[in-house]
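Enquirer: Numbering (our numbering), first residue to last: 49 to 179. Even glycine gets a Cβ: it sits at the ideal position worked out from N, Cα and C. Treat the numbers as computed from the prediction; the structure is a model and nothing was measured.
(1) Pull up the distance between the alpha-carbon of residue 86 and that of residue 98, whole angstroms please.
(2) Could you pull the start and end residues of the alpha helix (DSSP H) that residue 92 belongs to?
(3) First and last residue of the alpha helix (DSSP H) that includes residue 128?
(4) Are residue 8 and residue 147 touching if we call contact CB-CB under 9 Å?
(5) Going straight from the alpha carbon of residue 72 to that of residue 106, what length do you get?
Right, dumping it as structure tokens:
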């Protein structure tokens, strides 16, 4: 991705594409849920260790899924605030049962954009040369 993303509305499709595989999304869900549980438990009990464990519980499964399953870099590295926001949006959509459809929609829009782009031809290499 070359152009710097300026808004969350621009970021969301990028985030969704980086979470194409269902197992990646499921591991994010587990991590986000565990992070919320640690955070809430820490606030309720006053145990600071639980508060400190929240980011590890959240990011551990998520980063594992990116490096091992998706084979990409977590969006957190470049866009930490929007990535955290998007994690919660995805978490909510997974609870609502709409995230799989969201992924299909974003990927279909991306495919439509590629078809509509006159500068991209099937016989053109990524460096712009003709094969």
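Expert: According to the structure shown:
(1) To locate residue 86, count along the chain shown from 1; it is residue 38. To locate residue 98, count along the chain shown from 1; it is residue 50. One C-alpha to the other measures close to 5 Å.
(2) Here residue 92 refers to the residue found at position 44 when the chain shown is read from its first residue. Here the alpha helix (DSSP H) through residue 92 covers 70-93.
(3) Position 80 of the chain shown holds residue 128. Run containing residue 128: 128-144, per the alpha helix (DSSP H) assignment.
(4) Nothing can be reported for residue 8: it is not among the residues displayed for the chain, which extend from 49 to 179.
(5) On the chain shown, position 24 is the one that residue 72 refers to. On the chain shown, position 58 is the one that residue 106 refers to. About 13 Å.
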